[in-house]
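Peer 1: Before anything else, here's the structure in question.
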Amino acid sequence: MDLNKLKGQLQTEIDTAFLYNSIANIQSDDNLSRVLQSLAQIETGHAEHMLNKVRDLEPNHKMPTPSSRAKFQLKLGKLFGYSSIISSLSNIEKQFAVNSIKNKIEKGEKPTGFEHNHLNIIEAVNNNAALNVSGGFLSKFESRHKSVGGNALRAAVLGSNDGLVSNMSLVMGVAGAAVSNNTILLTGIAGLMAGAISMSLGEWLSVQSSRELNQRQIDLEMEELEASPEEEKKELVLLYQAKGMNVIEAQKLADKAFENPDSAIDAIIKEELGIDKEELGGSAWEAAIASFILFAIGAIIPLYPFMILDGKNAILLSIASSVVGLFGIGAAITLLTGKSILFSGLRQVAFGLAAAAVTYGIGTLIGVSLAV
Numbered sequence: 333m334d335l336n337k338l339k340g341q342l343q344t345e346i347d348t349a350f351l352y353n354s355i356a357n358i359q360s361d362d363n364l365s366r367v368l369q370s371l372a373q374i375e376t377g378h379a380e381h382m383l384n385k386v387r388d389l390e391p392n393h394k395m396p397t398p399s400s401r402a403k404f405q406l407k408l409g410k411l412f413g414y415s416s417i418i419s420s421l422s423n424i425e426k427q428f429a430v431n432s433i434k435n436k437i438e439k440g441e442k443p444t445g446f447e448h449n450h451l452n453i454i455e456a457v458n459n460n461a462a463l464n465v466s467g468g469f470l471s472k473f474e475s476r477h478k479s480v481g482g483n484a485l486r487a488a489v490l491g492s493n494d495g496l497v498s499n500m501s502l503v504m505g506v507a508g509a510a511v512s513n514n515t516i517l518l519t520g521i522a523g524l525m526a527g528a529i530s531m532s533l534g535e536w537l538s539v540q541s542s543r544e545l546n547q548r549q550i551d552l553e554m555e556e557l558e559a560s561p562e563e564e565k566k567e568l569v570l571l572y573q574a575k576g577m578n579v580i581e582a583q584k585l586a587d588k589a590f591e592n593p594d595s596a597i598d599a600i601i602k603e604e605l606g607i608d609k610e611e612l613g614g615s616a617w618e619a620a621i622a623s624f625i626l627f628a629i630g631a632i633i634p635l636y637p638f639m640i641l642d643g644k645n646a647i648l649l650s651i652a653s654s655v656v657g658l659f660g661i662g663a664a665i666t667l668l669t670g671k672s673i674l675f676s677g678l679r680q681v682a683f684g685l686a687a688a689a690v691t692y693g694i695g696t697l698i699g700v701s702l703a704v
């Protein structure tokens, strides 16, 4: 192996352990301090392992001291706050994970995702420090479950909005060219079908890819649990502490989780990956069908007037129906944003009509030029 590369990795491990220890020493929160010290010990162990590799090539090489860069970084942290150091450590952990996976692939081994645990822990430390609330992660877990309804509402609002605005713009553009009702209907139906199919396919791919990624992560964690259960348990204890529990509560909860393999993997999946094993991101087909229907509902609003009327009457009814639909969508958005219903509804109407006005104007110009 490249000696200089090994020395660089060794120095990084030393610097990382130094920064973890230094930040731990100034923590007022005993839980966070213990977590950071534990991470420092882990990195020190990595450094010793790396030193042995270096000594295979250079027997007299000594364990280095923290670099000037790491010491300067700590001084900057004292002046401007330690969040920048936590962020830097997070980036280092990300690189450790990437390098570990790359090395295992090159050796023909399966990646386990074990190094990602350190990244999860340091990010949890960062989040907990920012919240400055002991046990604040409990409310975060509760909000994760409550957000499901919000995500569904968001998907419904955005899907119907996309259908309404895109098809209204399309229909107004064609109507502006002064073509027949049959042409407007054909164009609108084609736009509805094309948009709904595209939206549903995109949603299916998104959800299915998410499910496959989540399942892959679960498989990796199960392999890691079988290979080194004690290490996984230690990581879970640290993660609980990083999120606000004291060491006794964290140890008790981890012990409880590791009473049997099923509860152990469930705890690891939930806490480290943030994945609901039962749902794995939801059903791809349900998402695709719902997306198709919601887009179609929105798209039919500006189109149906041309099925019962023609000419300017159809255009005026289409605009009026679209205004009502846009205002309703804007009002629904307030359930997500908390803004005023009137403000949100009128804003949505303004944006939708502006898009329709542009396409209608373009259609008119094209219609005039074709007539000439």
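Mapping of the sequence shown onto my numbering: residues 333 to 704, in sequence order.
Glycine residues also receive a C-beta, built at the ideal position from the N, C-alpha and C atoms.
(1) What runs of the alpha helix (DSSP H), each 4 residues or longer, lie entirely inside the segment 589-664?
(2) Quick check on the burial criterion: 16 or more other C-beta atoms within 10 angstroms. Buried or exposed for TYR378?
(3) Once you ignore the five residues that flank LEU470 on each side, which residues in its own chain have a CB closer than 6 Å to its CB?
(4) DSSP three-state call for ALA402: helix, strand or coil?
(5) Can you round the beta-carbon distance between SER654 and LEU496 to whole angstroms, since I take them to be within the 8 Å contact cut?
(6) Select from ASN578, PRO561, GLY505 the residue whose C-alpha is nearest the C-alpha of ILE688.
(7) Specify, as a first and last residue, the run of the alpha helix (DSSP H) that GLN705 falls within.
(8) Is the distance from the Cβ of ALA631 to the Cβ of ASN499 below 8 Å?
(9) Output needed for ILE516: all residues of its chain with C-beta closer than 7 Å, excluding positions within five of it in sequence on either side, in chain order.
(10) Look at SER650 and PRO634 and say whether their C-beta atoms are less than 8 Å apart.
(11) With H, G and I counted as helix, E and B as strand and the rest as coil, what does DSSP make of GLU390?
(12) What residue from ASN353, SER360, PRO391 has the CA that sits closest to LEU335's CA?
(13) Is the separation between the beta-carbon of ALA628 and that of TRP536 shorter than 8 Å?
(14) Sort ALA686, GLY693, LYS588, GLY662 by Cα distance to LEU490 and report the nearest one.
(15) For GLN405, which of THR348, ILE600, LEU368, LEU389 has the nearest alpha-carbon?
(16) Taking the straight line between their C-alpha atoms, what separation do you get for GLU544 and GLY534?
(17) Whole angstroms is fine: what's the gap from GLY677's alpha carbon to ILE665's?
(18) If MET382 and LEU342 are in contact, beta carbons under 8 Å, what's the gap, nearest whole angstrom?
(19) Can you tell me whether GLN373 is buried or exposed? The criterion is at least 16 other CB atoms within 10 Å of its CB, across all chains shown.
(20) So, with DSSP's three-state summary, where would you put ASP334?
(21) What three-state label does DSSP hand PRO396 in the structure shown?
(22) Give the secondary structure of SER512 by DSSP, where H, G and I count as helix, E and B as strand, and everything else as coil.
(23) Comparing alpha-carbon positions, which option in ILE601, LEU568, THR696 lies nearest ILE547?
(24) Can you tell me whether DSSP reads ASN546 as helix, strand or coil?
(25) Could you give the C-beta distance for ILE355 and PRO398, rounded to a whole number, given that I count them as a contact under 8 Å?
(26) Rounded to the nearest angstrom, what separates SER595 and ASN357 at their Cα positions?
(27) Label GLU618 either buried or exposed according to how many other C-beta atoms from any shown protein chain fall within 10 Å of its C-beta, with 16 as the threshold for buried.
(28) On the CB-based measure, 16 or more other CB atoms within 10 Å of its CB, does ASP362 come out buried or exposed?
(29) Within this structure, are the beta carbons of ALA582 and ALA589 separated by less than 8 Å?
Peer 2: According to the data block:
(1) As for any alpha helix (DSSP H) of minimum length 4 sitting wholly inside the segment 589-664, the runs are 593-600, 616-632, 637-640, ordered along the chain.
(2) On the sequence shown, residue 378 is found 46 positions in, with the first residue counted as 1. The sequence given here has His at residue 378, not Tyr. Taking a 10 Å sphere around the C-beta of HIS378, we find 16 or more other C-beta atoms and assign the residue as buried.
(3) Locating residue 470 in the sequence shown gives position 138, where the first residue counts as 1. Below a pLDDT of 50, predicted positions are generally treated as unreliable, and LEU470, at 31, falls in that range; the measurement from the model is reported next regardless. Contacts found: none.
(4) Sequence index remark: in the sequence shown, residue 402 carries index 70 (1-based). Correct three-state label for ALA402: helix.
(5) The residue given as residue 654 occupies position 322 in the sequence shown. The residue given as residue 496 occupies position 164 in the sequence shown. Contact flag correct, Cβ pair sits at about 6 Å.
(6) Numbered from 1 along the sequence shown, position 356 holds the residue referred to as residue 688. The question names Ile, but residue 688 is Ala in the sequence shown. Restricting attention to ASN578, PRO561, GLY505, the CA atom closest to the CA of ALA688 is found in GLY505.
(7) Residue 705 is absent from the structure shown; the chain starts at 333 and stops at 704.
(8) Residue mapping note: residue 631 aligns to position 299 of the sequence shown, counting from 1. Residue mapping note: residue 499 aligns to position 167 of the sequence shown, counting from 1. A contact, by the Cβ cut-off of 8 Å.
(9) The residue labelled residue 516 in the question sits at position 184 within the sequence shown. Only VAL503, VAL506, ALA507, PHE638 meet the Cβ criterion.
(10) Position 318 of the sequence shown, counted from the start, is the residue given in the question as residue 650. Position 302 of the sequence shown, counted from the start, is the residue given in the question as residue 634. It is a contact, given that the beta carbons lie within the stated cut-off.
(11) Within the sequence shown, numbered from 1, the residue matching residue 390 stands at position 58. Of the three classes helix, strand and coil, the one that applies to GLU390 here is coil, per DSSP.
(12) By 1-based counting over the sequence shown, the position of residue 335 is 3. If we check each option's Cα against that of LEU335, PRO391 comes out closest.
(13) Within the sequence shown, residue 628 is the residue found at index 296, counting from 1. Within the sequence shown, residue 536 is the residue found at index 204, counting from 1. No. Outside cutoff.
(14) Working through the sequence shown from its first residue, we reach residue 490 at position 158. Looking at the Cα atoms, GLY662 is the closest of the given residues.
(15) In the sequence shown, residue 405 corresponds to position 73, counting from 1. The closest CA to that of GLN405, considering only THR348, ILE600, LEU368, LEU389, is found on THR348.
(16) The residue labelled residue 544 in the question sits at position 212 within the sequence shown. The residue labelled residue 534 in the question sits at position 202 within the sequence shown. Distance between the alpha carbons of GLU544 and GLY534 is about 15 Å.
(17) Your numbering for residue 677 matches position 345 in the sequence shown. Your numbering for residue 665 matches position 333 in the sequence shown. In this structure, the CA atom of GLY677 is about 8 Å from the CA atom of ILE665.
(18) Position 50 of the sequence shown, counting from 1, holds the residue named residue 382. Position 10 of the sequence shown, counting from 1, holds the residue named residue 342. By a beta-carbon distance limit of 8 Å, MET382 contacts LEU342. Their separation comes to about 4 Å.
(19) Residue mapping note: residue 373 aligns to position 41 of the sequence shown, counting from 1. Classification of GLN373: exposed, given that the 10 Å Cβ count is below 16.
(20) Sequence index remark: in the sequence shown, residue 334 carries index 2 (1-based). Coil at ASP334, not helix or strand.
(21) As a first step, residue 396 must be located in the sequence shown, where it is residue number 64. If DSSP states are grouped into helix, strand and coil, PRO396 belongs with coil.
(22) Taking the sequence shown and counting its residues from 1, one reaches residue 512 at position 180. If DSSP states are grouped into helix, strand and coil, SER512 belongs with coil.
(23) Indexing the sequence shown from 1 puts residue 547 at position 215. Ile is not the amino acid found at residue 547; the sequence shown has Gln there. Answer by Cα proximity: ILE601.
(24) For the purposes of this step, residue 546 is taken as residue 214 along the sequence shown, with counting starting at 1. Note: ASN546 maps to helix in three-state DSSP.
(25) Position 23 of the sequence shown, counted from the start, is the residue given in the question as residue 355. Position 66 of the sequence shown, counted from the start, is the residue given in the question as residue 398. Taking C-beta atoms under 8 Å as the contact rule, ILE355 and PRO398 fail to qualify, at a distance of about 13 Å.
(26) Position 263 of the sequence shown, counting from 1, holds the residue named residue 595. Position 25 of the sequence shown, counting from 1, holds the residue named residue 357. Each residue's alpha carbon lies about 35 Å from the other.
(27) Against the sequence shown, residue 618 aligns to sequence position 286. By the neighbour-count rule (16 or more Cβ atoms within 10 Å), GLU618 is not buried but exposed.
(28) Indexing the sequence shown from 1 puts residue 362 at position 30. So ASP362 ends up on the exposed side.
(29) As a position in the sequence shown, residue 582 is number 250, starting the count at 1. As a position in the sequence shown, residue 589 is number 257, starting the count at 1. It is not a contact, given that the beta carbons lie outside the stated cut-off.
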